[in-house]
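Undergrad: Take a look at this one; I'll ask things after.
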Amino acid sequence: MKILAWDTSTAYPSVAVLEAGGLLGEINLNIGLFHSSHLLPTVDYLLRLLSLAKEDINLIAATIGPGSFTGIRVGLSAAKALCFSLKIPFAPVISLDALGLKEMGKTAVGIDAKKGEVFAAVYLNGKRETQPASLSVEEFASLPVEVFIGDGALRFRELIKSKNPGAKISRRSLFSAAEVGLLGFELWKRDQVIEDPRKIYPLYLRASDAEIKKWGK
Amino acid sequence: MLLAIETSCDETAAAVVHQGRILSSVVRSQVDLFKEFGGIVPEISSRRHLELIQVIVEETLSRAGKGIEDMEAVAATKKPGLIGSLLVGYSYAKALAYGLGVSLVGVDHLHAHVYSAEIGRKFRFPLLGVVVSGGHTAAYMVEGLSFRVVARTRDDAAGEALDKVAKKLGLGYPGGPVIERMAKGGDPYAYDFPVVRLKDGSLDFSYSGLKSQAIRIIEREEVKGEKLRDFLASFQRAVMDQIIDRLDALVERYKPASLAVTGGVSINSHLRERVEKFSAQKGLALYLPEKRFCGDNAAMIGYLGEKLLEAGYREDLFSTPFPRTEASKGVKQFAK
Ligand SMILES: Nc1ncnc2c1ncn2[C@@H]1O[C@H](COP(=O)(O)OP(=O)(O)OP(=O)(O)O)[C@@H](O)[C@H]1O
């Protein structure tokens, strides 16, 4: 049972291969949003390093959002095509869940959503307790938690400190493909994977600016 | 046999092409989504492409009676276009080729428009290839697979001018087809829009002056009823006048053996009649695309894609789409 996993929802591109729940390898690139050019070369290189053929992969797990709209689409377009051509299922993973997975205690995960908002959810010992939502920066910084993680936490560090003096900013890495793979494996065990690539959907959490302007939120 | 994918603008399209023959071609237009906005919204368009890409690919394969494993290569539009839209089709195509273990070929959307006129025929070279659409108005001298831009628009594209004037009149989007329909029977010389030539002597196109002139008239007088028909007939005539004017000068300068007029606006019967007359006068062979290949489609991407593959073109895993080309509007120099 081999899983190819990736996260393209943030500026922390990350690709991993797992054997069931165990990590075989992970490549992280601190290059920003270069998913379109770098996702497949990274996949290809990692498979070669592990002496695997793409036909050895049994499942693709990838983040469906929230995060960079373009990043998500690049990742999911590739996922659809790979699942279709290799005839394997897809495990949809929420980007926030992967980042929150390994934090202990009460944690807020936040991905910078730009325009004064943060895509966020609250976790207890790695388990999500709230629906992912697009919060104002103030709402996010005021969440009653012990730990903040994500590029939203880094970006709004000062505001968090002022609203939430007791809380810590996690120092954990923001590259999350290994966690995406783990969560994908859980979905596979629970038979919650997607067999039909037409049914792989993104999770944007926010309408386009044009729609917001026209109809409000 | 290859699968072609086109998502450069607001059409999600796929086609199966084999040795120059189009086995199937599916185009799903997003036009309805944008009627309320009076034009394309890139983010909405990108979202729609992602929803549709797999659906359209499967529909295209089943219409051709083929399976995905029958595909020996994948072709996709690489440039130019809306980058968010291009990224969906190109990322899909790149991963598909990788998954199948076949070659990927990246296709220039405008070159493909030119070649849409060759489907089922054989070009005679040197060819003056013209693309007239909503995003572009450009001319190339073409010799096989080599394209040299000889004119492009400095500002608006011809279709864009039609779209913007229609929008100003509240006639909806896209404007080209509405204007053609409503201009029928109107007097094309009721309003005299003069042909604009650029002061620097270049043969580039320019439609912003004509568009502004039309909009000023709309703001000044009430253009309605009979008058509207005359106004639209005159405006349409003027848009096409400029094309014929430039073709005339380009033919003088570059002495092509033949002429192809392509792109979304080339479906317009007024334009078709005029280029037919023009090429007959000049003794040029004329190629006009079949109507179903005028607007954006993937058949033309696959058709040119096959030729590029035969000539040895391939994309590597790092390749990524690009929003502009040397024929994009306003581009003077293009760094590869
Ligand atoms: N009957 C018609 N007469 C005139 N113009 C038309 C007609 N039908 C469509 N058009 C115009 O064609 C344009 C659409 O062209 P097309 O489908 O080739 O794609 P595009 O997305 O505008 O541009 P590009 O091909 O450069 O990416 C629109 O501007 C539209 O108004």
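Quick mapping for you: the protein sequence lines, in order, are chains A and B.
To get this note's numbering, take the position in the first sequence, counting from 1, and add 12.
To get this note's numbering, take the position in the second sequence, counting from 1, and add 23.
All residues carry an ideal CB built from backbone N, CA and C; glycine is no exception.
Note that this is a predicted model, so its numbers are computed, not measured.
Would you say the beta carbon of residue 299 (chain B) comes nearer than 7 Å to a heavy atom of ligand 1?
TA: No, the Cβ of residue 299 (chain B) stays beyond 7 Å of every heavy atom of ligand 1.
Undergrad: Checking contacts by CB at 8 Å: is residue 169 (chain B) closer than that to chain A?
TA: Not closer than 8 Å to any Cβ of chain A, the Cβ of residue 169 (chain B) fails to qualify, so no.
Undergrad: Can you give me the start and stop residues for the beta strand (DSSP E) that residue 37 (chain A) sits inside?
TA: 34-40 is the extent of the beta strand (DSSP E) around residue 37 (chain A).
Undergrad: Which runs of the beta strand (DSSP E) at least 3 residues long sit entirely within the segment 120-147 of chain A? Give them in chain order.
TA: Listed in chain order, the complete beta strand (DSSP E) runs (minimum 3 residues) inside the segment 120-147 of chain A are 129-136.
Undergrad: Mind checking whether residue 77 (chain A) and residue 217 (chain A) have CB atoms under 8 Å apart?
TA: Yes; because the gap between Cβ atoms is below 8 Å, this pair is in contact.
Undergrad: Determine contact between the segment 38-56 of chain A and the segment 169-184 of chain A, defined as no fewer than three beta-carbon pairs at a distance below 8 Å.
TA: Touching, no.
Undergrad: I'd like the span of the beta strand (DSSP E) that includes residue 3 (chain B), first residue to last.
TA: The requested residue 3 (chain B) does not occur in the structure, where chain B is confined to residues 24 to 359.
Undergrad: Of all Cβ atoms in chain A, is any one closer than 8 Å to the Cβ of residue 160 (chain B)?
TA: No - not a single Cβ of chain A is within 8 Å of the one on residue 160 (chain B).
Undergrad: Pick out whichever of A:219, A:180, A:102, A:123 has its Cα sitting closest to the Cα of residue 195 (chain A).
TA: Considering only alpha carbons, the answer is A:102.
Undergrad: With which residues is residue 293 (chain B) paired in a DSSP beta bridge?
TA: None, per the DSSP bridge assignment.
Undergrad: Against chain A, which members of the segment 41-68 of chain B pass a CB distance test of less than 9 Å?
TA: Against chain A - using a Cβ distance shorter than 9 Å - the residues of the segment 41-68 of chain B are 59, 60, 64, 65, 66, 67.
Undergrad: Is the shortest distance between the beta-carbon of residue 230 (chain A) and the beta-carbons of chain B less than 8 Å?
TA: Residue 230 (chain A) is absent from the structure shown; chain A starts at 13 and stops at 229.
Undergrad: Assuming the contact rule is C-beta atoms closer than 8 Å, residue 69 (chain B) and residue 86 (chain A) should be a hit. Round their C-beta distance to whole Å, please.
TA: That pair is no contact at about 10 Å.
Undergrad: Under a CB-based cut-off of 8 Å, is residue 321 (chain B) close to chain A?
TA: False, the Cβ-Cβ gap to chain A never drops below 8 Å.
Undergrad: Since residue 173 (chain B) and residue 273 (chain B) are thought to touch, with beta carbons under 8 Å apart, how far apart are those beta carbons, to the nearest angstrom?
TA: Yes, they are in contact, since the Cβ atoms of residue 173 (chain B) and residue 273 (chain B) sit about 6 Å apart, within 8 Å.
Undergrad: Are residue 155 (chain A) and residue 122 (chain B) closer than 8 Å when you measure CB to CB?
TA: Cβ atoms of residue 155 (chain A) and residue 122 (chain B): not closer than 8 Å.
Undergrad: Starting from the C-beta of residue 331 (chain B), find all residues in its chain whose C-beta is less than 7 Å away, skip the five residues before and the five after it, and write them out in chain order.
TA: Taken in chain order, the residues that qualify are 128, 130, 168.
Undergrad: Could you check where the alpha helix (DSSP H) with residue 247 (chain B) kicks off and where it finishes?
TA: Neither: residue 247 (chain B) is in no alpha helix (DSSP H) and is coded neither H nor E.
Undergrad: Residue 267 (chain B) versus chain A: which residues are under 9 Å apart at the beta carbon?
TA: Chain A residues near residue 267 (chain B): none, gap ~37 Å exceeds 9 Å.
Undergrad: Against chain E, does residue 130 (chain B) count as a neighbour if the rule is that its beta carbon must be under 8 Å from one of theirs?
TA: Absent here is chain E; the protein component of the structure consists of chains A and B.
Undergrad: Would a check of beta-carbon distances place residue 357 (chain B) closer than 8 Å to chain A?
TA: Its pLDDT being 36, under 50, residue 357 (chain B) is placed unreliably in this model, and the value from its coordinates should be taken loosely. By this cut-off, residue 357 (chain B) is not an interface position.
Undergrad: Residue range of the alpha helix (DSSP H) that residue 281 (chain B) falls in?
TA: Residue 281 (chain B) -> not in any alpha helix (DSSP H); beta strand (DSSP E) instead, spanning 281-285.
Undergrad: Ignore the nearest five residues each way along the sequence and tell me which others in residue 113 (chain A)'s own chain have a CB closer than 6 Å to its CB.
TA: These residues qualify, in order along the chain: 138, 191.
Undergrad: Does any residue of chain A have a CB that is nearer than 8 Å to the CB of residue 341 (chain B)?
TA: Closer than 8 Å: yes.
Undergrad: Would you please verify whether the beta carbon of residue 102 (chain A) is less than 8 Å from any beta carbon of chain B?
TA: Not an interface residue.
Undergrad: Check whether the segment 184-191 of chain B and the segment 318-330 of chain B are in contact - that is, three or more C-beta pairs closer than 8 Å.
TA: As far as the Cβ criterion goes, the segment 184-191 of chain B does not touch the segment 318-330 of chain B, which means the pair count is below three.
Undergrad: Find out if the Cβ-Cβ distance for the pair residue 109 (chain A), residue 140 (chain A) is shorter than 8 Å.
TA: Yes.
Undergrad: For the structure I just gave you, are there three or more beta carbon pairs, one from the segment 176-188 of chain B and one from the segment 242-249 of chain B, closer than 8 Å?
TA: These segments do not touch.
Undergrad: With a cut-off of 8 Å on the beta carbons, I'd call residue 36 (chain B) and residue 312 (chain B) a contact; round off their distance for me.
TA: Incorrect: roughly 14 Å between the Cβ atoms, too far for contact.
Undergrad: Can you list the beta strand (DSSP E) stretches of 3 or more residues lying completely in the segment 154-200 of chain A, in chain order?
TA: DSSP runs (the beta strand (DSSP E)) wholly in the segment 154-200 of chain A: 159-161.
Undergrad: Give me, in chain order, the residues of the same chain whose beta-carbon lies closer than 7 Å to that of residue 111 (chain B); leave out the 5 immediate sequence neighbours on both sides.
TA: Excluding sequence neighbours, residue 111 (chain B) sits near 30, 69, 72, 73, 76.
Undergrad: Measure the CB-CB distance between residue 196 (chain B) and residue 58 (chain B) and report whether it falls below 8 Å.
TA: For residue 196 (chain B) and residue 58 (chain B), yes; Cβs fall inside 8 Å.
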